[in-house]
Structures are given as structure tokens and as C-alpha cells.
Amino acid sequence: MAKVKVASAWLDCCGGCHMSFLDMDEILIDLANVIELTASPITDIKEFSPVDVGIIEGSVSNEHDEEVAKSLRANCKILMVLGDCACFGGINSMRNLFTIEEVLQRYYSTESTTKDSKIPSSEDIPPLTEVKPVNQVVKVDCYVPGCPPSAKAIHYALTELLAGRIPVLPSEMMRFD
Amino acid sequence: MGEITLTINGRQVKGKEGDTVLEVCQANGIDVPTLCHLDGLSDVGACRMCVVEIEKERRPVPACTYPARDGLVVETSTERLERYRRQILELIFTEHNHFCMFCEASGDCELQKLAYRYQMDNVRYPYTFPSLSVDSLSDYLVIDHNRCILCGRCIRACSEVAGSHTLDFSQRGWKTLVTADLEQPLGESSCFLCGACVQACPTGAIFSKLSLYKGKTDECQQVKTVCPACGVGCELNVLVKDNNLVRIEAPGLTEPRGPLCRMGRFGLLEPTPPRITSPLVRGKQGELEECSLHRAVGVIVDRLAGVKDGFAGMISTRVPSETLSLFNKFIGEVIGSDLIDTLDGGSYRIITEGIRQFQDNGRGLDIECPIEGILEADCIIVVGADPEKTNPIISTLVRRAVSQRKAKLIVVNSSRDVFPLWTDLWLKPRAGSEGDLLSGLARILIDKGLVVSGKASAKLIKSFSRYRMGEVVRTTGIEEERLELLAEMYGQAERGVIIYGEELLRTNDASSITTILNLANMTGNQFGDRLRVISLKPRANSRGAWEMGLAKGIKQDKPKGLYLLLADERDSEELLSWLKGVDFLVVQASYQSPVTSMADVVLPSPIWAEREGKYVTMDGRVLELKRVLQPKDGLPQDHEVLIEISQRLGHKLT
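Chains as they are written, first to last, in my numbering: chain A, 2 to 178; chain B, 7 to 660.
Below, the structure is given as C-alpha cells:
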């Protein structure tokens, strides 16, 4: 039987949800028998190719994040989002209480330890946007909230997907912290 | 109240007339989700989580405000209702800024619990990200408006339970905020820091600084005990984790004796002076050094041999009755001395003398009414007392009587109005003339015919009639019109209560207490067979100690030796000058203090949380303390030390 193809991406995040994914520990070995992980921070493969399941960690906080989200959405049949940032905006969305100018000023001018600090600008740097949960830029099929979600919750969601069902986390596994 | 029958979710269930549909559901084990409802507070139907479908009603209605009627047909969890509840939760989450990942209420939050229950894994509405502040200027309380769901439970708790109504909504629509007074920071407002709002808040919007991140409710053990802070005796629910105090709550927040006050809820969690962790005796150079209990007891036994007469015992009335009883036997039988007193014995002697002069029938303190008498009062006179400082629960009950029952409040205090903004009348007699004021009041009541015939003897009436108003006015400095106003208010009251306390007792005038009792008796202000009079006893177990006969008084000016069981008293500096002349001083105390520094022998003592036993509250109820914390290893309980000393003196103390 062909392995289920999975790709993952991390947007504006701490990486903790991917770490929680890895916290499945020895279960990963069993999963590796049924899942083929293609593009992912874990495999370090950068280019997306068509997959069955796309997994996104992190919120959409700049134009690059939006491109990545749209690209993975176009390449997958089912999109799952991991963690509070991807589901709700998460802790990143505290930035939305201020304007982008205020945030950049505070970061590069008042708090910086670099001499003559200036706000970097270059066409290679994607502009910051309002922080959004992933479902405000692309259609999302499955949500696994948590900060991070437990390995158990991630495993549950994957197992359900592998069985052909779109899961909604049961209340006991639901966490916002 | 008649019984009614409803059909809820297809099942016939019973309720009482006057219930809401929610109350009928709760009584029959039907779970309806709520947020703005809190048992014991009025219901407002603000959150709409409890919406139910009622036959013949055009749209879902909140169960918490809908009156239950016989024959109603109700559905509580149709697919439509569950969808609406999920929508409400999503709307709430997008209205303010709810960041669970760093909130200390996470895991203990009713909003979060409902979101989990409704499997809210995403939110369909755009977030509004309003810019909201955090008010953390109060000594104990923080309001984080970001986490507030505007349920109003804190407002209703502050109004209905604390009687203060400091909190209320300000502004309108989606700019609505919960604020104190006229949008003052809480720490600069009329807030009394009772913390009823903290306990009422379903989220982390209002919380206490003292309990931050110390433990979630399900990580803690919960122990019910009694508050040691004052004589009212409120029940505490103490949460403990790893032998540390996490948080203190009221088991029955909305019950009359329920709310707790800043002393019990927060004061008990404040940092304390360093503990006495070992017995101490004077070393060769004269300074106190650690030693074994055996050695310390040895020093005591040796010195006692020479000081049989003039050895006195003094004990704190924070200590439970079992320890008091043992101490009584220790001083009386083992030491063989009749010089024994409590730290607050002076208060006892004046109160009992005052009562004895009123009626010498051995009823003693039972003449007074329970504190619930305040809640039903229509007139309250507070004489020589500052309840907000000494027994804040009493002042909560006074405020509730005033705000909910429109009771008249009169303060008689020679230095300040102890209920500013709440009093109808503040009389400021010259210091020490309170007794004359009260006698003058009696005279006016008699003159105006406001006394109940048959209640006072002719002799008593004659003795009050001898008071000349001119004299009273001259001595007290109060105009006659103001005394007449007081007489009108109190004389016409049907459930008038007089509360007095330490400041009156310090005038050393037992007859003023007799007058108070006479005033209540003459005007028919009775509570059953008791009088509507309440004296604020100084300590948690003052009454227990006094009724056991420990407050005999130390008649000798300076005892040769003193055994002072200080326990966990704080602020004992007023004893210092008196203790200076004592030749041999033994202090059994929990904390280091100037008093322990003066002692010849220091013995350790447990704090309130480490003790068990009985308290007698100021109005005579017997309550059971339970141990909340394990004492540090090796530290003895108070009675173990007394038994040890007795054994070495050849006595068996039980």
C-alpha cells in the first residue's frame, strides 16, 4: 500500500509544535511505515510537491507566510494546522495590539543593542502584516490547538486522518496552553 | 412554596414555585452551561450560554432568568442550542484578548473549560484586538481587562456579597469595562480588598497577586478550617500544594458568614517574620543560642524551683481551646499559681463587669446576639469600634444592611467616622465621654416615650432621668439636636443593633456597656431572648479563653516570672515595656520578634495553619480547626512542650 504523503511547514512560530510532533518518540517509527514526510523543516526539503496531508505550524504574520500557506494548500488534499498560533493567531497576535510601525520602532530603535540601529528595509525582507490564524488566508480542514498540542493529541489527529476521517479533537485532548 | 412539574428533555421533573428554569435543571441533575451565573448571586442573563428552547416561546430564552412554571416543556441541548453556544464562545474569544498560554487561570478558567467542552478548535469571526489595560495598583488585586468577559459576577459579588458596590460597568457597547468607582484604579478606590470579586471571576480577569502561579486547583489539596484572624470565625477553604499555602477561598461565598475579608483571604498569605525553628536559651555571653528541647526545659525547671510565688502565665487567644485548657492546668496545677491572664484579658473584665451590672444571672456573653442580627438590622450604631480594621466581615455585614435593607447607620467615635460615605450620622464625643453620650441617649429615649413599657425598672428609668442634658452636652460636646436625632432613629427601630469594640473598652468604663445593654433592652431591640448588642472580641478564640476562666488578671504589678505563650501573634510590641521588669521570661512563639529577643528561654510554637482544635467565636459558635500544613520536622506542638515541662516537674498533664 502506498504511503500517505505528508508535508509540513512552519510559519511565524517557535517551532514547538514540530518539537511536540517529534515527542511522539518511538511511535514515529511506526508512523514512518505508513507516512512519507516530504517537504518539512524536519527533512529540510524546501520545495513543496503534491501530498495528501499538509501540516502547518505558526501564524501568518508576513507576506512570505501567506505565500507558503497558499502554496502548501494548493499542494495538499487535507490541510491540518498545529498549535494555537496556526489555529487562533496565538501569542504572536499580541502584536496586533500595536501598529506595525510601533513594533518595528520598539524593536530596532529603543531596545536594540546595535549602534546606530535602523529599521532594516530591503526588497528581500517580506513586509509584516497583521498576524492571522491560517484559516483567514486558506481553507483549513483540521485543527489541533495547544501551546504546544501534546504529542498524544497530534498522534490522535494523524491516526484519524490515516483512517480516512477528519478529526475534531475530543474535549479531554483540547488545550489552549 | 408549591411544587411544580416541568417536562425537560422529554423527562418529567419537579421544581418549586419561584425557581428559575436553570434552578429546576440544576436540582434535577440536568447540566446547562453557564458563565454569568454564580450560585447565590442574582441572575442577569448576560452571557446567553444557558439558552433553552421553551414550547410556545418564539426564540430561545436564558434559563437563569426565565421563571419556571407548572407545565413548561423545555429542551436544553438541541442541535441548534449547541450551535448557538459554540457561536457565543467564539464571539467572546474575539471580543477581548484571551491568551491562555501565559494566563495563571489556565486550567482553572470557566471560559476555557466551556471552549474545551464545545471543542472550539478555531474561531470563525475576526478578532477585534481592542487595546485594554491591566490595573495592578491595588495591594492584593489585579484587574486585567483583556481577560474580562463582562459577565458581571464580580460586580454582583461586590454589591450583594461585599456590600460595597465599588465595581460596576462603565462606558457602553463593545467599549464596556468593569471599573472601580468612577473609573479609579482599584487601589485608589472604595475597594475594601475583600477579594469576593477574585473568587467570583470565572476567568483570569481579576486575580490576587499573592497566589500567582502557585498551583492549579486540581494540583492542590483542599482543607476546610477556621480563620484565626479575628473573633468572627469564618470558614476557610485552604488550597495547599507541597505543604505550601496556595490560595484561600470562601466555601460559601454567598452565605451570610461567607465572604471572607482581606485579613483571612490575603493577610494569611502575606510574608511573615522569620520562624522560631528551635528552642533557645541564653548562652555564656548572654545571647540566645539554639539548644535541644531537653536543655531548654531543663533551664525552665531549674529556675522554677526558686520562683514559686509570683510566677504568672499569659496566653494568646489565637490558640485553640484544647491548648488553652492545658495551659490553664499547667499554670494552675503544675506551677501552682493563680496568676493567669490572656493577652486580651482587660477587654474581658470590662465586658463581663458591664454585663454583670446589667443582669447578674450568669448568662454572660450569651446576652449578645449572633452576627446575623446585623444583616436584618434597620438601625446600626457602631460605638468605639472600627470594624473595617478589626473585623472586616462585620463591616461587610453593616454595609449590606445599609445598601440592601436601607438600615440607618450611626457612628459614635471620638476620633473619626469609621464608615465614611456610609453613615447617616456621626457623633464625635470628647474622648472618654462615650458613656455620658449613651446615658444621655437613654434619657432622651425615655423623655420621648420611645421605650417599651415594662422593659425597664422604675429605678433604672429614674436613674437615667437624673442625667441633665445640659451636662451631657457639656461633657460630650454633642449638640442636643443631634442626640435627639439619634434617639429618633434608634428608638423607632424594630431591629436596631449596637456594636461596640476595643476603642470603647479602652475607656475602662464598664458602666457604658451596661448602658448599651439597657438601651437595647428598654427599646425592645431583642433577638429572641438575647439583646441586639454585639461586642467585637479581639481574637479568634477570645471567647473560648474567657469562658474557660483564663482571664483572671495578673494582680501583681510585675510577676517574678512569666510564661508567655505568644503563639503566632504579631504586633506584640505593646507588651515590651510591661515585660521589662520580669525576672524570668519564657516565651513560646512562632515568630522572631522584639519580645522573643527579651526572653530567657524561647520555645517554638506552630502557626495557625499547623494547628488543630476548637475555637469559640465571638457569638458563641464552636468551630473546628483542621491542620492545613505539616509543621517542619521536629517542631513540637504547643501542648507537647507543656507536657514535657510538666513531666520534668513530676506532674502528668493530659
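All C-beta atoms, glycine included, are put in the ideal place defined by N, C-alpha and C.
Assign residue i to one of three DSSP states: helix, strand, or coil.
i	result
residue 502 of chain B	strand
residue 468 of chain B	helix
residue 155 of chain B	coil
residue 710 of chain B	Since the first and last residues shown for chain B are 7 and 660, residue 710 of chain B lies out of range.
residue 496 of chain B	helix
residue 425 of chain B	coil
residue 54 of chain B	coil
residue 235 of chain B	coil
residue 31 of chain B	helix
residue 621 of chain B	strand
residue 71 of chain A	helix
residue 26 of chain B	strand
residue 416 of chain B	strand
residue 55 of chain A	strand
residue 261 of chain B	coil
residue 541 of chain B	strand
residue 273 of chain B	helix
residue 441 of chain B	helix
residue 573 of chain B	strand
residue 99 of chain A	coil
residue 280 of chain B	coil
residue 114 of chain A	coil
residue 365 of chain B	coil
residue 600 of chain B	helix
residue 646 of chain B	helix
Opposite residue i in the DSSP bridges: which residues?
i	result
residue 143 of chain A	A:81
residue 253 of chain B	B:245
residue 13 of chain B	B:18 and B:79
residue 230 of chain B	B:243
residue 60 of chain B	B:80
residue 105 of chain A	Paired residue(s): none; residue 105 of chain A is not in a bridge.
residue 68 of chain B	B:57
residue 567 of chain B	B:317 and B:590
residue 347 of chain B	B:320
residue 13 of chain A	A:60
residue 185 of chain B	B:174
residue 18 of chain A	For residue 18 of chain A, which the question treats as bridged, DSSP gives no partner whatsoever.
Do residue j and residue i have their beta-carbon atoms positioned less than 7 angstroms apart in this structure?
i	j	result
residue 451 of chain B	residue 497 of chain B	yes
residue 57 of chain A	residue 169 of chain A	no
residue 175 of chain B	residue 648 of chain B	no
residue 203 of chain B	residue 212 of chain B	yes
residue 41 of chain A	residue 9 of chain A	yes
residue 149 of chain A	residue 90 of chain A	no
residue 73 of chain B	residue 56 of chain B	no
residue 184 of chain B	residue 154 of chain B	yes
residue 52 of chain B	residue 157 of chain B	yes
residue 429 of chain B	residue 542 of chain B	no
Could you work out which residue in the options is closest to residue i when comparing CA atoms only?
i	options	result
residue 31 of chain A	A:4, A:56, A:21 and A:41	A:4
residue 326 of chain B	B:127, B:547 and B:378	B:547
residue 172 of chain B	B:275, B:110 and B:402	B:402
residue 650 of chain B	B:431, B:480, B:225 and B:333	B:333
residue 357 of chain B	B:566, B:99, B:45 and B:514	B:514
residue 364 of chain B	B:240, B:527, B:544 and B:504	B:527
residue 629 of chain B	B:230, B:308 and B:302	B:230
residue 145 of chain B	B:323, B:159, B:273 and B:119	B:273
residue 63 of chain B	B:78, B:54 and B:49	B:78
residue 194 of chain B	B:221, B:142, B:341 and B:71	B:142
Give me the chain A residues within the contact set of residue i, using Cβ-Cβ distance strictly less than 8 angstroms, ordered along the chain.
i	result
residue 107 of chain B	85, 91, 92, 148, 177 and 178
residue 112 of chain B	177 and 178
residue 135 of chain B	94, 97 and 98
Can you list the residues of chain B that residue i reaches, using a CB-CB cut of under 7 angstroms?
i	result
residue 172 of chain A	122, 123 and 125
residue 88 of chain A	127 and 128
residue 169 of chain A	125 and 127
Report the neighbours of residue i on chain B: residues whose CB is nearer than 9 angstroms to its CB, in chain order.
i	result
residue 109 of chain A	Ordered by position in chain B, no residue passes the 9 angstroms Cβ test against residue 109 of chain A, which lies about 22 angstroms from the chain.
Could you work out which residues of chain B lie near residue i, taking near to mean beta carbons separated by less than 8 angstroms?
i	result
residue 141 of chain A	128
residue 95 of chain A	103 and 105
residue 144 of chain A	127 and 128
Residue i versus chain C: which residues are under 9 angstroms apart at the beta carbon?
i	result
residue 136 of chain A	The chain labelled as chain C is not found among the protein chains of the depicted structure, namely A and B.
Who are the neighbours of residue i on chain A, taking C-beta pairs under 7 angstroms?
i	result
residue 118 of chain B	177
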